[in-house]
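Engineer: Each position in the sequence shown, counted from 1, maps to that position plus 147 in this note's numbering. The C-beta atom is built at its ideal place from N, Cα and C for all residues, glycine as well. Since the structure is predicted, the reported quantities are computational estimates derived from the model, not experimental observations.
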Amino acid sequence: MKPVTKNINPIYMKKVELILGAISLISFILYFFFIQGSQITFLLSMLFLACLYFYLSFFFLNNLRLKDLIQKDAFKGLSSMRIVGTILMGIALSIIVIGIIFKLQGWPGAMAYFVIGLSGVLIALVVGGVRYVQTKNSYYLPIFKRIALWGVLGGVFLFIPHTYWIELKYSDYPAYVEAYKAAYQDHGNEELQDKVDEEWNKIHGEDATDFPTEQNTNDTTGMD
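1. Quick test of your reading: Leu203 and Met160, contact by CB under 8 angstroms. State the CB separation rounded to the nearest angstrom.
2. If Ser241 and Ala197 are in contact, beta carbons under 8 angstroms, what's the gap, nearest whole angstrom?
3. Please state the DSSP three-state secondary structure of Tyr279.
4. Just to confirm, is the Cβ distance from Ile247 to Leu177 under 9 angstroms?
5. Would you say Phe124 and Phe261 are within 9 angstroms of each other, going by their C-beta atoms?
6. Compute the Euclidean distance between the alpha carbons of Phe306 and Ser266, then round it to the nearest angstrom.
7. Rounded to a whole number of angstroms, what is the C-alpha to C-alpha distance between Asp341 and Ala330?
8. With DSSP collapsed to three states, give me the class of Tyr287.
9. By Cβ distance below 7 angstroms, which residues in the same chain neighbour Trp312 in space, the five residues on each side in sequence not counted?
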């Protein structure tokens, strides 16, 4: 029997990963141009991507198919460390993706997601780097690429405050930006929230909807 990594290629899972990543990026860009539907598209694509990493990264990182779960020989060439490592790697990547969602939405808890997720990929980088130096196995290269991508993105979103994205999108509406920042820092202040609503309605109209936290800061803690 040929090695698992050579005769099984879960190409469709990897294509789904690329498609979801592309949709997330495009919808993220469109969000700053006030394109309707970009918010929900971004959220859904990122959530699906997080689920893909959480539940299926073990399979496509090890070049396995779902049906290989019932085939003993499929795991013959995989060490216990590799199995556990790829599972934890997928969990870490999914946590970073969720952290990005929380940071953009201004929801509390983003910092915890980033600390856990980035710590996980850092450990994976160190362990994988040592193994790569020892074995020169090309198996580790795709993993390093994912670590680099999501590690950089996670680091960027970790250190950029949530209100930066509001300033970027609403750069032509300084009154709204200032009202939002004040309400975001003083969670629960109804007077400041009313000011946010007032400025919001001047921009979008009373019936318009967009990112929930752009209009209502009462569901945030004011913490980045």
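Structural biologist: Considering the structure as presented:
1. As a position in the sequence shown, residue 203 is number 56, starting the count at 1. As a position in the sequence shown, residue 160 is number 13, starting the count at 1. Indeed, because the Cβ distance is near 6 angstroms, the residues count as touching under 8 angstroms.
2. As a first step, residue 241 is located in the sequence shown; it is residue number 94 there, counting from the start. As a first step, residue 197 is located in the sequence shown; it is residue number 50 there, counting from the start. At roughly 4 angstroms, the Cβ-Cβ gap stays under 8 angstroms, so Ser241 and Ala197 are in contact.
3. In the sequence shown, counting from the first residue as 1, residue 279 sits at position 132. Three-state result, Tyr279: helix.
4. As a first step, residue 247 is located in the sequence shown; it is residue number 100 there, counting from the start. As a first step, residue 177 is located in the sequence shown; it is residue number 30 there, counting from the start. Contact: no.
5. Absent from the structure is residue 124, since the part of the chain shown begins at 148 and ends at 371.
6. Reading the sequence shown from its first residue, position 159 is the one you call residue 306. Reading the sequence shown from its first residue, position 119 is the one you call residue 266. Roughly 15 angstroms separates the two Cα atoms.
7. Sequence index remark: in the sequence shown, residue 341 carries index 194 (1-based). Sequence index remark: in the sequence shown, residue 330 carries index 183 (1-based). Approximately 9 angstroms, taken between the alpha carbons.
8. Locating residue 287 in the sequence shown gives position 140, counting from the first residue. Tyr287: helix per DSSP, three-state reduction.
9. Stepping through the sequence shown from its first residue, residue 312 is reached at position 165. Closer than 7 angstroms at the Cβ level, and outside the excluded window around Trp312, lie Leu251.
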